[in-house]
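In full-length UniProt numbering, the protein residues as written are 1 to 148. For every residue, glycine included, the Cβ atom is placed at its ideal position computed from N, Cα and C. Given the structure is predicted, the values throughout are model-derived calculations rather than measurements.
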């Protein structure tokens, strides 16, 4: 029985928390199995936390393992840029974070994700992602796609 002050979690909160657990497991994997520096692990975790905010926070809420290549494409080329005002380092690290994470889900966790489709989306969308970041930093280069 729940205490009077506790409320039942909303479905999106449950999904967010489940996704957060996977981010924690991935971070531990990067530290222990891959030996990555803490700053690098934190950078990957931040990128995935932002993906989690996007996937869990909008209808329909989506678990990482339910994400489609279209979800990843929109997140990378539009949502992430508008929400974070991403920097130059992000231009290179975000696609790497996504590839590493979905490979982790598939190879280490045995989760059936469309990792080939997602990787293809990341690779094919990388140039557009970089172009969109440059346009965000220099609005005079574009017609303001982010205001549409």
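From this set, 48, 46, 47 and 71, which residue's C-alpha is nearest residue 58's C-alpha?
71
If I measure Cβ to Cβ from residue 20 and keep anything under 8 Å in the same chain, skipping five residues before and after, which residues do I get?
49 and 52
If contacts are defined as beta-carbon pairs under 8 Å, then residue 99 and residue 119 qualify, I think. What distance do you get, rounded to the angstrom?
6 Å
Please confirm if the stretch 27-36 is in contact with the stretch 76-85, defined as three or more CB-CB distances below 8 Å between the two stretches.
no
Check residue 55 in the structure and name its three-state DSSP category.
helix
Residue 113 by DSSP, collapsed to three states: which one?
coil
For residue 12, which residues from the same chain have a beta carbon less than 7 Å from its beta carbon, with the 5 sequence-adjacent residues on both sides left out?
56, 57 and 61
Where does residue 63 sit, in a helix, a strand or coil, going by DSSP?
coil
Endpoints, alpha helix (DSSP H) assigned at residue 29
11-32
Reference residue 66, options 9, 43, 111 and 135, closest by Cα
111
Our contact map puts residue 138 next to residue 97 with C-beta atoms below 8 Å; I'd like the distance itself, whole angstroms only.
With a Cβ gap of about 24 Å, residue 138 and residue 97 do not count as contacting.
Between which two residues does the alpha helix (DSSP H) containing residue 75 stretch?
No alpha helix (DSSP H) holds residue 75; DSSP gives it neither H nor E.
Measuring straight from C-alpha to C-alpha, what distance separates residue 107 and residue 83?
30 Å
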